[in-house]
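2 protein chains.
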Amino acid sequence: MAISYRAGPVAVGRRLGPEEFVSVRTAHTHDPLGDWGPCGACDLGPLSFCANMGRGTVSSLARVQCTLRYDAQDTMFREGDDGTAVYVLIAGAVKVYKLMPDGRRQITGFFFRGDMFGFCLETAYAYTAETISPVLACRLPMTLLRTLSQTAPEVQHRIMLRMIGKLATFHDHVLLLGRKTARERVASFLLSLSDRACRRGEPPSPLVLPMGRADIADHIGLTVETVSRAMTRLKRDGLLDLPSPGLVVLRRPKALRGIADGLTPEAA
Amino acid sequence: MAISYRAGPVAVGRRLGPEEFVSVRTAHTHDPLGDWGPCGACDLGPLSFCANMGRGTVSSLARVQCTLRYDAQDTMFREGDDGTAVYVLIAGAVKVYKLMPDGRRQITGFFFRGDMFGFCLETAYAYTAETISPVLACRLPMTLLRTLSQTAPEVQHRIMLRMIGKLATFHDHVLLLGRKTARERVASFLLSLSDRACRRGEPPSPLVLPMGRADIADHIGLTVETVSRAMTRLKRDGLLDLPSPGLVVLRRPKALRGIADGLTPEAA
DNA sequence: CGGAGTTTTGACCACAGTCAAGCTTAGTGG
DNA sequence: CCACTAAGCTTGACTGTGGTCAAAACTCCG
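Have a look at this one:
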């Protein structure tokens with residue numbers, strides 16, 4: 001069955017010509033260009049799953065790969081669609097969600113630069129992917145996962161490691177949703193964004209939130225109002241600053257960690 | 001850091017001698033012995049990740065594999081332990097959970113016959129695994145995931161498919177925890193158990209619950225009392241029968257599905 | 001049978017949801 | 001350049017679902 005409670009187009013993404021690759025490779029300068037392979041379609045460097053691969057392997061990937069550009073609020077694919085491709089984000093932010101017939105929404109993940117998503121079983125995507133900001137993505141055919149086992153088992157192994165990592169974050173998120181209070185959820189969410197920024201080579205603290213409060217709420221199982229109240233309270237308690245809705249300064253990350261892990265009693 | 005808020009031993013599992021394999025292979029008769037490989041350490045048949053593999057591949061797996069028996073309530077491994085092995089369940093039931101310092105617990109998954117678990121990144125398990133009933137398990141060294149990319153990429157691909165499947169169930173569970181009501185959660189949980197029983201070749205309806213209400217509660221983010229109330233109400237509404245606490249008869253699975261998916265208004 | 005542990009039921013309560021109003025910010029056009 | 005609008009964020013008052021605490025009933029053992 002095709003699941004699509006809210007109709008709307010799926011954006012195909014604008015294909016970048018070869019001459020545009022150069023600008024892509026220099027568009028993001030906040031991390032050093034590492035010893036990346038000769039694919040040339042992205043500037044992910046060590047963040048890429050194909051970093052440090054042999055020339056032959058990477059160029060065979062480059063042959064099946066294509067680089068796409070999306071606008072903000074584009075739907076990349078929809079729950080129930082034929083799952084023909086996996087994506088690696090080069091720039092921008094994506095949210096992935098499931099809908100219930102009455103409109104309730106659960107955002108199951110946010111993806112940023114370097115992240116890989118779109119794995120699916122038996123042709124149908126289990127969720128919808130929508131861009132939050134303008135996006136540049138590397139698209140790889142789903143069949144690659146199968147052929148890699150023959151041609152480049154090492155790449156397949158790397159992809160598997162990413163999946164194991166994703167499974168671990170799901171365990172954490174399930175704990176958050178099942179057992180944490182509103183305050184703990186917001187603290188955990190902000191810290192996880194901070195951690196991921198670090199892993200991308202960005203600073204941990206002036207945190208940019210590309211998503212709105214509604215998206216945060218639908219990710220951590222709360223309402224917009226509760227998210228807002230929790231953040232205001234964290235600010236009042238001196239744990240963070242909110243210069244603008246989309247910017248968070250972590251003032252006392254250790255204390256925030258304590259709250260996220262439930263070490264600090266709610267009253268404090 | 002070693003995370004172990006409640007001390008207690010980790011059971012090593014009793015190693016089965018070769019002479020005991022025969023009894024293992026005939027102990028469970030509820031699904032036909034399929035065209036399983038020559039490993040001989042289990043009777044999983046088509047449920048096994050190594051079903052229909054070449055003799056050479058399977059016998060190389062058999063060389064590194066070992067079959068273990070655990071009692072009920074044994075801890076197989078603990079969050080923070082060195083992740084040296086993955087497990088395939090041959091018989092029995094296992095729960096996998098994370099703890100918070102104050103004792104809050106989130107059960108992130110239940111595993112049954114044929115299921116595979118214990119994947120981990122960077123040596124440390126992200127959760128604790130504890131048996132619910134007596135268990136028979138096939139233990140495989142974690143390093144296998146790496147060597148398989150060289151020796152048997154096809155097996156690695158199958159394991160990856162299992163991971164993708166597990167990712168999909170996490171998406172569903174995150175939706176359940178983030179956006180469903182108590183009634184919907186219980187209905188969803190029972191149906192998911194039923195689905196999995198079917199996939200194992202068991203009947204969908206007289207459903208055996210090896211876990212207690214407390215475990216169910218800690219899995220679907222509720223309290224024991226709320227789980228109990230929700231089940232009682234589903235029974236009162238004629239959707240299921242509860243001949244005993246550990247047995248559930250799904251009387252109207254379609255209607256139950258409607259509740260699980262939020263199609264039926266709460267009042268009804 | 002008896003007794004421990006689990007499940008169910010009941011009464012009350014609190015955290016987060018709902019509804020509604022104000023506030024801030026960014027974008028638009030006069 | 002500034003009114004005007006619209007969207008998103010914040011704050012407030014009230015409500016309801018599910019949590020807490022307590023006790024009764026059931027199940028499953030020995």
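Chains as they are written, first to last, in the UniProt record's numbering: chain A, 1 to 268; chain B, 1 to 268.
Heads up, the beta-carbon is just placed ideally off N, CA and C, and yes, glycines get one too.
In this text, all values refer to a predicted model and were calculated from it rather than measured experimentally.
Shown in chain order are the members of the stretch 150-180 of chain B whose Cβ falls below 7 Å from a Cβ of chain A: 150, 153, 154, 156, 157, 160, 161, 163, 164, 165, 166, 167, 168, 170, 171, 173, 174, 175, 177, 178 and 179. Here the C-alpha atom of residue 213(B) lies approximately 41 Å from the C-alpha atom of residue 59(B). In this structure the stretch 125-138 of chain B lies against the stretch 96-105 of chain B, because at least three pairs of beta carbons, one per stretch, are closer than 8 Å.
Judged by their CB atoms, residue 140(A) and residue 115(A) are not nearer to each other than the 8 Å cut-off. In chain order, 11 and 131 place their CB closer than 6 Å to the CB of residue 74(A), counting only its own chain and leaving out the 5 sequence neighbours on each side. With a 10 Å radius around the Cβ and a threshold of 16 neighbouring Cβ atoms, residue 167(B) comes out buried. Pairing residue 241(A) with residue 222(A), the inter-Cα distance amounts to about 21 Å. Per the coordinates, the alpha-carbon of residue 155(A) lies some 22 Å from the alpha-carbon of residue 118(B). Residues of chain A with a Cβ closer than 7 Å to the Cβ of residue 126(B) are, in chain order, 168 and 171. Under the Cβ criterion (8 Å, minimum of three pairs), the stretch 60-73 of chain A does not count as touching the stretch 186-202 of chain A. Any Cβ of chain B closer than 8 Å to the Cβ of residue 262(A) would place that residue at the interface, and such an atom is present.
Excluding residues up to 5 positions away in sequence, 204 lie with their Cβ nearer than 7 Å to the Cβ of residue 198(A) in the same chain. Proximity of the stretch 143-152 of chain B to the stretch 162-181 of chain B falls short of the contact definition, fewer than three beta-carbon pairs being nearer than 8 Å.
One thing to note: residue 84(A) has its Cβ within 8 Å of the Cβ of residue 142(A).
Within the same chain, 95 come within 6 Å of residue 110(A) by CB-CB distance, once the 5 residues on both sides are set aside. Between residue 238(B) and residue 229(B), the gap from beta carbon to beta carbon reaches 8 Å or more. For residue 107(B), the enclosing beta strand (DSSP E) stretches over residues 105-111. With its beta carbon less than 8 Å from one in chain A, residue 221(B) belongs to the interface.
Taking residue 224(B) as the centre and dropping the five residues before and after it, the same chain places the C-beta of 213, 214 and 217 closer than 6 Å to its C-beta, in chain order.
Rounded to the nearest whole angstrom, the C-alpha separation of residue 16(B) and residue 66(B) is 8 Å.
The beta carbon of residue 120(A) falls within 8 Å of a beta carbon belonging to chain B, placing the residue at that interface. Along the UniProt domain "Cyclic nucleotide-binding" (49-118) of chain A, the beta strand (DSSP E) occurs as fully enclosed runs of 3 or more residues at 66-70, 75-77, 85-91, 94-99 and 105-111, listed in sequence order. It is roughly 11 Å from the alpha-carbon of residue 234(B) to the alpha-carbon of residue 249(B). Straight through space, the alpha carbons of residue 54(A) and residue 176(B) are spaced by roughly 43 Å.
Not flagged as an interface residue toward chain B: residue 143(A), since no C-beta distance is shorter than 8 Å. Each residue's CA atom was taken as its position, placing residue 81(A) and residue 146(A) some 20 Å apart.
A straight line joining the alpha-carbon of residue 120(B) with that of residue 77(B) spans about 12 Å.
DSSP places residue 198(B) within a helical segment (H, G or I) once states are collapsed to three.
Under a 10 Å Cβ-count criterion, residue 256(A) is classified as buried, with 16 or more other Cβ atoms of the shown protein chains found around its own Cβ.
Among the CB atoms of chain A, one or more fall inside 8 Å of the CB of residue 146(B). For the options 13(A), 103(A), 104(A) and 260(A), the alpha carbon positioned closest to that of residue 194(A) is the one of 260(A). For residue 154(A), the secondary structure class from DSSP, reduced to helix, strand or coil, is helix. Neighbourhood of residue 101(B) in chain A, by CB distance below 8 Å: 261, 262 and 263, in chain order.
DSSP places residue 253(B) in no beta strand (DSSP E) but in the uninterrupted alpha helix (DSSP H) bounded by 253-260.
A Cβ-Cβ distance of about 6 Å is found for the pair residue 50(B) and residue 61(B), placing them in contact under the 8 Å criterion. Judged by beta-carbon spacing, residue 106(A) lies beyond the 8 Å limit of residue 45(B), meaning their Cβ atoms are not closer than that value.
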